[in-house]
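Q: Numbering (full-length UniProt numbering) for the sequence shown: 1 to 185.
C-beta: ideal position from N, C-alpha, C; glycine also.
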Amino acid sequence: QLLIGRSSWPERDQGLFVLSGCYGTLGLASGGVADTQLSASSVLDWSTRVWAPSGARLKKEGLPWASSQSDQQQWLQVDLKKEKRITGIITTGSTLSEEKCYVSAYRVLYSNDGKQWSGYKESNSIFQGNNNYGDEVRNNFIPPIVARFVRINPISWYKRIALKLELLVCLDVFCGLNCCTSVHL
Numbered sequence: 001q002l003l004i005g006r007s008s009w010p011e012r013d014q015g016l017f018v019l020s021g022c023y024g025t026l027g028l029a030s031g032g033v034a035d036t037q038l039s040a041s042s043v044l045d046w047s048t049r050v051w052a053p054s055g056a057r058l059k060k061e062g063l064p065w066a067s068s069q070s071d072q073q074q075w076l077q078v079d080l081k082k083e084k085r086i087t088g089i090i091t092t093g094s095t096l097s098e099e100k101c102y103v104s105a106y107r108v109l110y111s112n113d114g115k116q117w118s119g120y121k122e123s124n125s126i127f128q129g130n131n132n133y134g135d136e137v138r139n140n141f142i143p144p145i146v147a148r149f150v151r152i153n154p155i156s157w158y159k160r161i162a163l164k165l166e167l168l169v170c171l172d173v174f175c176g177l178n179c180c181t182s183v184h185l
């Protein structure tokens, strides 16, 4: 468990943050998530190149996932195979200098059965995405999401919907789904 005290922080930022193995990566970048665990509403198949969900892995060279449609009904889905505590997300755009496209805002949806979906927080929070095709942007989920399925639903983009990502999860195997604790004073 990591405890960061408030004594070294400026007066306006005083607080306490406790976490216990809660910001590990799910394994999209490392290959710990199989291609069969990634799916999408549509896939761009353009000029002999397929922009498949398997390309949506952060730090993976090559094409990202891109949708064939440019509307707000598109999504990229990750099946975690079992309920996990998801604490955040890191995204990039295409990462290709010849294809400078990216998602600039998105919603996060989650489900335990893959049929009934809920938006993150009741108000369907909109997350700030990327403002260029190559830099990583991280968004933390406070409180975390506990679910088996996660969908990223782009709502605005530059040129076309194109995305690479990594999910951040709780890795503390000793405490199951209750491992993350954060307290702000």
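I need the straight-line Cα distance from G15 to E99, nearest angstrom please.
A: At G15, the pLDDT of 38 sits below 50, so the modelled position is not reliable and the matter cannot be decided from this model.
Q: Which same chain residues, not among the five before or five after R57, have their C-beta less than 7 Å away from its C-beta?
A: Correct list, in chain order: L28, A29, K164.
Q: Between which two residues does the beta strand (DSSP E) carrying Y134 extend?
A: Here residue 134 turns out to be Gly, not Tyr, going by the sequence shown. No beta strand (DSSP E) holds G134; DSSP gives it neither H nor E.
Q: So, with DSSP's three-state summary, where would you put P64?
A: In this structure, P64 counts as coil in the three-state DSSP scheme.
Q: Roughly how many angstroms lie between the CA atoms of G55 and N140, to the nearest whole one?
A: Distance between the alpha carbons of G55 and N140 is about 23 Å.
Q: Does the region 67–79 come within contact of the region 37–53, defined as at least 3 CB pairs closer than 8 Å?
A: Touching, yes.
Q: Under the three-state reduction of DSSP, which class applies to G55: helix, strand or coil?
A: Helix.
Q: If you count every other CB in all the chains shown that lies within 10 Å of the CB of residue 187, and 16 or more means buried, which is it?
A: Beyond the ends of the chain as shown, which are 1 and 185, falls residue 187; an answer cannot be given.
Q: Whose C-beta lies closer than 6 Å to the C-beta of N112 among residues of the same chain, with five residues either side of it excluded?
A: So the qualifying residues of the chain are A147, R148.
Q: Please report the straight-line C-alpha distance between G129 and R49, rounded to a whole angstrom.
A: Each residue's Cα considered, the two are about 25 Å apart.
Q: With a threshold of 6 Å on Cβ separation, who are the neighbours of residue 256 within its own chain once the five nearest residues in sequence on each side are excluded?
A: Summary: the structure shown does not reach residue 256, with the chain confined to residues 1 through 185, and so no result is reported for it.
Q: In three-state DSSP terms, what is D71?
A: The answer is coil: DSSP assigns D71 none of H, G, I, E or B.
Q: DSSP state of Q128, grouped into three classes?
A: DSSP places Q128 in strand when its eight states are reduced to three.
Q: In the structure shown, what three-state DSSP assignment does Q116 receive?
A: Note: Q116 maps to coil in three-state DSSP.
Q: Under DSSP, the beta strand (DSSP E) around residue 187 begins and ends at which residues?
A: Residue 187 lies beyond the stretch modelled for the chain, which goes from 1 to 185, so this question has no answer here.
Q: Quick check on this structure: which residue in K115, E166, K121, L109 has the alpha carbon closest to the alpha carbon of V137?
A: Closest option to V137, Cα to Cα, is E166.
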